[in-house]
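**Student:**
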């Protein structure tokens, strides 16, 4: 974007202004993209949940109720803004902003399409996690500034949940870091080219005879950066197709549900218990800001999950179009953006699906789930991810002579890694699930029972 | 580009200083914590401006995302939120002034004395040594600073185990609150016991735990 | 992993009606299987709701929403909202005789009416001059329709009365009037039950209504035109329609009564079920009773079933008293009308 602007108006303006304008333009585009998706998500959620409950959902405003979010927005704008008399006025005002701003900042590092990356940050994964944690401060401010017991309770719940589910989420993302050998989000889709399970391991035997429509230069194996190779590229080498990626994806997605306060983890705003949690005392546009923050957080987390595990913008045909060069590169970029959007929406559909199916967890169940199930699984998964890197990349010298895979072809090493990690992950999953089973009903001695006063 | 960076630096510096001053002067203790968060955030932004991305992000993650939330938790769970009786100054305020000033001097004086203050700095010869990237930090932790890193890790683990030990309730002491149905059954059984029971008790497992443990998936 | 759950629904006919038995599938599930089963159920609902509507109660999936303004459920015949007044389609005569029963029973007291009077004599006529119901306070109890001896007031199915004009919910006679055919459409079996007696009573009342009194306001022009046409075709009874002289009217009344009495005599064996204390009913009963008495003189017990279950002897005496009363009354009325 900067380069385009430079070529247009480079002579008229100082360079730093051009950079600023370019960043502002990109920011505006990304925010519009996110808010447009937010509008559609609200509509889709209401419609889909309605169908799951054998209803129709909003269908009056506009064709198929598509204009319903706009009607809601008009309602929100015209509503009275109420601040409780004993509320902390400034904290109450700033809270929705503090909640929304970090969520919007998360959008900056996501590669929305091939070549459509707002910012290249080499610690993007950590950045996503860190910034999403900041919104907890906003929730806390909302809960405390409202001077309402339900709001404070909701904020406490929200922050406790946010902090404890960050751990499995980050641990699950660590597998990606290990596989990619870095924390940049931009490289992840490039690394997830190739074919399912085997990744970029089916090499081109004869460089002259490989069609650019099927084979392309892939930067690295899943593992660590290595020499670019010509390999079969269907755009389907997503890490979710490997045992490590699948388990990591499941753990991360569940943790993301909790971070995004989606059912069954919507404890912070459990309407049946604490009115609306930290949003209790908000009305009008301030409430809408929280609402937007929540949906955009879900959007960003879905995008992160898609980028980290589902190949991001990677998909069949993108590499082929990009290899054709010329204007086709832009077509490839558009197609890749569509792929990412489709993945985000599928994940969002799953979120709605879970909302339609499951009731809310209790707080102790929530904590048990995070600490007794998700975290052990994520830890086992880290070990599996390390094994993948070792089995596919290391020489026998690095193994200390324990494992000698030097003579094997890349696809053979990849296959060995998949099989080994599959065995480990499946066994660990079964084991952790079984020790987490509800214990057989214990017989209590009557003497032990204490009747509540 | 430099102009932009200078402007941004000034903005962030002003933010940090204002927040820091507000942190120590504002009366409401929750407000003080919020100003502190703002200050932390400004520091993180400064790191980012210096292209120390990992440091900046870690600052945000640890200080803004975790430490300050812990502070807020601690403040909100204690009494007297408004802090109306809290004095801003104690009689020994000068100690509080001298100690930080001395520490700050200890930090800043060698920097001022040893730093090469030529502006703009001379262009680095060849590839500048990247010291702030995640990879470099990771390598440093795993090679040069392996021992301190592991010691810190063990210390944290020990602290966590200690916390669990302190907080853990022994199973024997744990009281279980009965549900209504269990209480009724218990009373029935007690009554049965008092009477001479002609036939064996029908259900030995009548009183059971029905507590739903959360681990089920 | 995901178990296929049989959700067969079977209909079982029991002695107390039809019962739907739903097989909920297996109950023992392994870890996590319950979650997957729940997801599967929800997805099935989602998929089916996209494609079909719920038609039978035995179906478990499909959209059940009735999109109200466009689609409507068929209202049951006994549905009741607000009362309406009925008038005869052909003659335009209202069934209401302003007997004030409904006004008296109405719990929120929203029914108001005035009785019609003969403009020439100033005497009350069995017809209603104005009839008001305040729909805004009506509680839709249906007591007015229950109590009406002439089946003139009935409960309507129309329920979309929401408005921002409060006063617009006080309806006058013209707004309340509906033709009988309308009521027959919305409640065919109910109307069929009362049709004969209602129409018979209306025939009787029509004879006591001079001119266009008792004709529904919206039908007045039509009826007038019809009568004018009839008058043009047959000029003989010309003055009777336009200006009804009291004597003339009395004569017609008497003739009609005589005819009715004759008819009643002919139809005597029919059981006297009507117990309402109306004038007409009393007279009818008297004539019937007299007839029965005559018969009982002649043919001993033969006419016993005519007077419900009472002993013939007592019935005969009662009938005689009634006949005497009726005669006296008739004589008094004739005197009054001749003067």
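Residue numbers (the working numbering), protein chains in the order written: chain A, 846 to 1298; chain B, 4 to 220; chain C, 21 to 359. Note that CB positions come from ideal geometry on N, CA and C, so glycine has one too. It should be emphasised that the depicted structure is a prediction, and the values quoted were computed from it without experimental measurement.
1) Is DSSP giving residue 1127 of chain A helix, strand or coil here?
2) Could you tell me whether any Cβ in chain C is nearer than 8 Å to the Cβ of residue 1303 of chain A?
3) Would you kindly report the start and end of the unbroken alpha helix (DSSP H) that includes residue 996 of chain A?
4) Mind pulling the chain B residues with CB within less than 7 Å of residue 928 of chain A?
5) Would you say residue 1067 of chain A lies against chain C (beta-carbon separation less than 8 Å)?
6) So, does the CB of residue 1143 of chain A fall closer than 8 Å to a CB anywhere in chain B?
7) Can you tell me the Cα-Cα spacing of residue 72 of chain B and residue 183 of chain C, whole angstroms?
8) Threshold first: 4 residues or longer. Then list the alpha helix (DSSP H) segments lying entirely within the segment 192-266 of chain C, N to C.
9) With DSSP collapsed to three states, give me the class of residue 1217 of chain A.
10) Are the Cβ atoms of residue 1237 of chain A and residue 1258 of chain A separated by less than 8 Å?
11) Within 8 Å (strictly less), CB to CB, does residue 34 of chain C reach chain A?
12) Could you work out which residues of chain A lie near residue 221 of chain B, taking near to mean beta carbons separated by less than 8 Å?
13) Closest by CA to residue 1056 of chain A, which one among A/1042, A/1040, A/1075, A/1041?
14) Judging by CA-CA distance, which residue of A/1253, A/1235, A/1219, A/1240 is the nearest neighbour of residue 1016 of chain A?
15) Which residues in chain A sit within 8 Å of residue 69 of chain B, going by Cβ to Cβ distance?
16) Assuming the contact rule is C-beta atoms closer than 8 Å, residue 104 of chain C and residue 198 of chain C should be a hit. Round their C-beta distance to whole Å, please.
17) With a threshold of 6 Å on Cβ separation, who are the neighbours of residue 117 of chain C within its own chain once the five nearest residues in sequence on each side are excluded?
18) Output yes if chain A places a C-beta closer than 8 Å to the C-beta of residue 49 of chain B; else output no.
19) Could you name the residues of chain A that residue 33 of chain B contacts, counting a contact when the two beta carbons are closer than 8 Å?
20) Answer yes or no: does any C-beta atom of chain A fall closer than 8 Å to that of residue 14 of chain C?
21) Examine the Cβ distances between the segment 44-59 of chain B and the segment 6-25 of chain B and report whether three or more of them are shorter than 8 Å.
22) If you run the structure through DSSP and keep just helix, strand and coil, what is residue 1077 of chain A?
23) Quick one: using the 10 Å Cβ neighbour count with 16 as the cut-off for buried, is residue 328 of chain C buried or exposed?
24) Any contact between the segment 57-66 of chain B and the segment 972-985 of chain A? By contact I mean 3 or more CB pairs, one from each, below 8 Å.
25) How would you label residue 925 of chain A, buried or exposed, when you count the other beta carbons within 10 angstroms and need 16 or more for buried?
26) On the three-state DSSP scale, how would you describe residue 1244 of chain A?
27) With C-beta atoms as the reference, is residue 1028 of chain A less than 8 Å away from residue 143 of chain B?
28) Could you please give the first and the last residue of the uninterrupted alpha helix (DSSP H) stretch that includes residue 1175 of chain A?
29) Measuring straight from C-alpha to C-alpha, what distance separates residue 34 of chain C and residue 158 of chain C?
30) Would you say the beta carbon of residue 172 of chain C is closer than 7 Å to some non-hydrogen atom of the ligand PLP?
31) Give me the Cα-Cα distance between residue 1034 of chain A and residue 1130 of chain A, rounded to the nearest whole angstrom.
32) Would you mind giving the Cβ-Cβ distance between residue 126 of chain C and residue 164 of chain C, rounded to the nearest angstrom? I have them listed as a contact below 8 Å.
33) Taking Cβ to Cβ, would you say residue 1060 of chain A is nearer than 8 Å to residue 1078 of chain A?
34) Starting from residue 961 of chain A, follow its DSSP beta bridges and name the residues at the other end.
35) Who are the neighbours of residue 968 of chain A on chain B, taking C-beta pairs under 7 Å?
36) Less than 8 Å separating the beta-carbons of residue 906 of chain A and residue 913 of chain A?
**Tutor:** So, from the listed chains and residues:
1) coil
2) The requested residue 1303 of chain A is not part of the displayed model; chain A covers only 846 to 1298.
3) 994-1025
4) Ordered by position in chain B, no residue passes the 7 Å Cβ test against residue 928 of chain A, which lies about 17 Å from the chain.
5) For residue 1067 of chain A, the pLDDT reaches just 49, beneath the cut-off of 50, and the residue's location in the model is therefore unreliable, leaving the point undetermined.
6) no
7) 54 Å
8) Counting whole runs of 4 or more residues, the segment 192-266 of chain C contains the alpha helix (DSSP H) stretches 193-196, 200-206, 208-226, 240-253, 258-262.
9) The answer is helix: DSSP assigns residue 1217 of chain A an H, G or I state.
10) yes
11) no
12) Outside the shown range of chain B (4 to 220) lies residue 221 of chain B, about which nothing can therefore be said.
13) A/1075
14) A/1219
15) 978, 1008
16) Here residue 104 of chain C really is in contact with residue 198 of chain C; their C-beta atoms are around 5 Å apart, less than 8 Å.
17) 146, 170, 225
18) no
19) 933, 936, 989
20) This structure cannot settle anything about residue 14 of chain C, because the visible part of chain C is limited to 21 through 359.
21) yes
22) strand
23) Interpretation of residue 328 of chain C is limited by its pLDDT of 46, a score under 50 that renders its predicted location unreliable; no figure is taken from the coordinates.
24) yes
25) exposed
26) coil
27) no
28) 1173-1202
29) About 41 Å.
30) Of ligands this structure carries none, so the ligand PLP is not represented either.
31) 37 Å
32) 6 Å
33) Yes.
34) A/958
35) 56, 57, 60, 137
36) yes
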